[in-house]
Amino acid sequence: EPTGDEVLILADYYRCDFKFFISNEQVAPFEQTETLYRAHGREFSKEDRSAIQEFLYICETEEFLTQELRGAVSTFAYTPRGNYFLSHAEGAAKAFRRQMGHTDREVPRDIYSEFRSVGVHVFRRKLDNSKISGLFVMHPVAGKCILVNYTEDVYRQRFSAAHEMAHCIFDSEEGASVTIPGDKDIREVRANRFASCYLMPPETLSLLPDPTTWSEEEAQG
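Counting in my numbering, the sequence shown runs from 40 upward without gaps.
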């Protein structure tokens with residue numbers, strides 16, 4: 040059997056609580072990511088897997104500190120109706136914007152703070168695979184966790200974070216998901232629609248003139 044020091048070394052190496060190595064009652068976060076690796080193993084490099092493991096460790100640490108310092112945080116829940124996934128996305132985006140206090144013409148600025156305000160852990164890490172824009176993991180301890188690939192430009196990062204937020208709302212029971220641009224899965228389409236409606240609501244877009252009629256000055260302004 041490993042000594043106490045060896046257990047601590049393993050816990051530090053795998054970025055997880057040492058209790059995972061001495062108790063059968065808890066699930067280690069790296070076991071949770073096996074779902075990701077089985078489905079998308081070829082997409083992750085060794086460095087990517089290390090970054091994801093560190094991300095999960097930080098999420099768990101943040102959850103512990105949050106509970107110790109602030110206690111329970113507010114949450115956001117949305118119950119979709121019917122089978123039309125795009126309608127689910129639009130309704131959830133409108134409800135979340137309303138909870139955040141946004142008007143129809145307001146563009147959310149600090150989306151990361153807004154997601155954290157409802158108990159979602161959001162961090163950005165570099166992933167070698169540029170095809171992966173983000174991922175969602177339902178951590179056994181920390182709960183809903185979002186990782187955004189910061190090799191993308193800041194605008195794409197905002198969209199990716201909002202996209203993963205949709206998975207937090209609708210798909211958390213599935214445990215984990217990886218977002219690769221161009222995926223036509225209906226859940227990915229729904230997540231894209233949520234991100235669009237949350238970041239730029241249809242009510243605002245409907246007020247804009249037809250962009251094909253804009254002058255160069257108007258487009259730049």
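We treat Cβ as the ideally placed atom computed from N, Cα and C, and that holds for glycine.
Option nearest residue i by Cα separation, candidates the options
i, options, result
"GLN106", "HIS160, TYR117, THR243, ARG144", "HIS160"
"ARG164", "VAL157, ASP149, THR190, VAL217", "THR190"
"ALA111", "ALA134, SER156, ILE91, LYS133", "SER156"
"PHE162", "GLY173, ILE225, SER169", "GLY173"
"PHE233", "HIS202, ARG195, GLN92, GLY158", "HIS202"
"ALA116", "ALA132, GLU101, ASN188", "ALA132"
"LEU104", "VAL180, ASP192, ARG226, ALA205", "VAL180"
"ILE171", "ASP44, THR42, ILE91, PHE154", "ILE91"
"GLU82", "ASN168, GLY43, PRO220", "ASN168"
"MET139", "TYR237, ASP44, GLU45, ASP249", "TYR237"
"LEU244", "ILE225, GLU255, ASP143", "ASP143"
"ASN231", "GLU255, SER84, ARG195", "ARG195"
Cβ neighbours of residue i in the same chain (closer than 8 Å, five flanking residues each side left out)
i, result
"PRO241", "GLU129"
"PRO220", "LYS170, SER172"
Residues that DSSP places opposite residue i in a beta bridge
i, result
"ILE185", "VAL161, PHE175"
"VAL217", "LEU174"
Residue burial classification, residue i (beta-carbon count within 10 angstroms, cutoff 16)
i, result
"SER199", "buried"
"SER152", "exposed"
"ARG229", "buried"
"ARG120", "exposed"
"PHE135", "buried"
"ARG197", "buried"
"ILE208", "buried"
"GLY193", "Strictly speaking, residue 193 in this sequence is Val, with Gly absent from that position. Per the 10 Å Cβ criterion, exposed."
"GLU227", "buried"
"THR118", "exposed"
"LEU246", "exposed"
"THR218", "buried"
6 Å CB neighbourhood of residue i in its chain, flanking five on each side removed
i, result
"GLY158", "VAL112, THR114"
"GLU102", "ALA181"
"PHE154", "VAL161, MET204"
Contact set for residue i: own chain, Cβ-Cβ below 7 Å, skip 5 residues either direction
i, result
"SER211", "MET177, LYS183"
"HIS141", "PRO147"
"LEU166", "ASP87, ALA90, ASN188, THR190"
"ILE97", "PHE162"
Neighbour flag for residue i against chain C, beta carbons, 7 Å
i, result
"THR118", "Protein chains in the displayed structure number just one, and chain C is not present."
Contact test: residue i Cβ vs the ligand PLP heavy atom, cutoff 6 Å
i, result
"ARG120", "Among the components modelled here there is no ligand, and therefore nothing to report on the ligand PLP."
Can at least three beta-carbon pairs, one atom from the segment 107-127 and one from the segment 140-150, be found at a separation below 8 Å?
no
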